[in-house]
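Enquirer: Note that the sequence shown covers residues 8 to 299 in the numbering used here. We treat Cβ as the ideally placed atom computed from N, Cα and C, and that holds for glycine. Below is one structure. I have some questions about it.
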Amino acid sequence: MEGPRLPPSATATATTPESDDDKPDDPPSVWHRPTSSLPSLPSQDPPSQHWRNHSLNLSPLPTTTPSPLLHPDSIPELETYVVQVPRDQVYWTPPPENAKYIEKRSNNPEKNKKKGCSKRLMWFFIILVVFGFILGAITLILHLAFKPTLPVFAVEGVTVKPSTFEVTMRADNPTSNMGVRYVMKKNGVVSLTYKNKSLGTGKFPGLSQAASGSDKVNVKLNGSTKNAVVQPRGSKQPLAMMLTMELKAEYEAGPIKRNKEVSVSCDVKVKGLLDGKKVEIVSENCESEFKN
8 MEGPRLPPSA
18 TATATTPESD
28 DDKPDDPPSV
38 WHRPTSSLPS
48 LPSQDPPSQH
58 WRNHSLNLSP
68 LPTTTPSPLL
78 HPDSIPELET
88 YVVQVPRDQV
98 YWTPPPENAK
108 YIEKRSNNPE
118 KNKKKGCSKR
128 LMWFFIILVV
138 FGFILGAITL
148 ILHLAFKPTL
158 PVFAVEGVTV
168 KPSTFEVTMR
178 ADNPTSNMGV
188 RYVMKKNGVV
198 SLTYKNKSLG
208 TGKFPGLSQA
218 ASGSDKVNVK
228 LNGSTKNAVV
238 QPRGSKQPLA
248 MMLTMELKAE
258 YEAGPIKRNK
268 EVSVSCDVKV
278 KGLLDGKKVE
288 IVSENCESEF
298 KN
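Okay, here's the thing in structure tokens:
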């Protein structure tokens, strides 16, 4: 195996003795090492970023141009944090639109206050409308459930006395869930007429009836038969009379009350009125009407 090569001067010295012709004043030969054989110098590039195993570096990455290579002792040690996140949890950040919305609301307190007032007024109006609707529905139900029905009257007999008439009537209350009380209307009268001529006038006595009740009532009228002398005595022709009444009906069912004005008119045909004997009722028909 060959040893390392020596420079030419060394080889010549080792093999050939120095001749007399060589002059001592000649400069010694110089040997140069090739440049390619020199060791490479360390690179001046900055050290690359690295991460520690099983760790999370929370420090922000540098955004500026890295500084020149510094001495190892002058480089500060970076702090690292280890964060363990369970796999079954998902973390998310709200979108940036939420931050803009909050900032916009915080910048306009007066507008937000006005919106709050308008919302309260709107809810108050809605509650008022709902309450009115419920109250109207209850009123309608009560009106339909407790609706008075027209009373029914009938003339059952007429008795003639020297200065009075006594009319016997039957009153029926068809309202099944409300009682009623009949009283005379203010300035009202009960009138008995013959061909628009008054035979007698009087007052209707107070009468109270239960729901679906039926009662008799006697009405006394002050008057005489002098205005009915147009027919001769002993005539068998029936005498047509008109009985009219203006009453006030007060219906009641617990706390529910209804006041009605009732107008009653009865067409009555009788025989024997002028003889002063027993009066016979040939026909009768009474009609009732609510005035309000």
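(1) Within a Cβ cutoff of 7 Å, which residues of the same chain sit near G279, ignoring the five residues on either side of it in sequence?
(2) In angstroms, rounded to a whole number, what distance separates the CA positions of P245 and V277?
(3) Taking Cβ positions, are D179 and P158 nearer each other than 8 Å?
(4) Less than 8 Å separating the beta-carbons of K193 and G209?
(5) Tell me the start and end of each unbroken beta strand (DSSP E) in the stretch 113 to 173 that is at least 3 residues and wholly inside, in chain order.
(6) In angstroms, rounded to a whole number, what distance separates the CA positions of A217 and V269?
(7) Under a three-way DSSP split, which group does A1 fall into?
(8) With a CB to CB cut of under 7 Å and the five nearest residues on each side skipped, what residues in its chain are close to E173?
(9) Would you tell me roughly how many angstroms separate the C-alpha atoms of K255 and G230, rounded to the nearest one?
(10) Thinking C-alpha only, which one of G186, T251 and E86 is nearest Y201?
(11) Going by the DSSP bridge assignment, what does T200 pair with across the sheet?
(12) My output table needs one value for K233: the three-state DSSP class, helix, strand or coil.
Expert: Per the coordinate set shown:
(1) Counting only Cβ-Cβ distances below 7 Å, and skipping sequence neighbours, we find K285, V286 and E287.
(2) Spanning the two alpha carbons is a distance of roughly 5 Å.
(3) Closer than 8 Å, so yes.
(4) Result no, Cβ atoms of K193 and G209 do not sit closer than 8 Å.
(5) Fully enclosed beta strand (DSSP E) runs of no fewer than 3 residues occupy 159 to 167 of the stretch 113 to 173, in order along the chain.
(6) In a straight line, the C-alpha of A217 is about 17 Å away from that of V269.
(7) Since the displayed the chain opens at 8 and closes at 299, residue 1 lies outside it and no answer follows.
(8) Result list for E173: T166, N225 and K227, in chain order.
(9) About 24 Å.
(10) Checked all of G186, T251 and E86; the closest Cα to Y201 is T251.
(11) In the DSSP assignment, T200 is bridged to S205 and M249.
(12) Looking at K233 - three-state DSSP - the assignment turns out to be helix.
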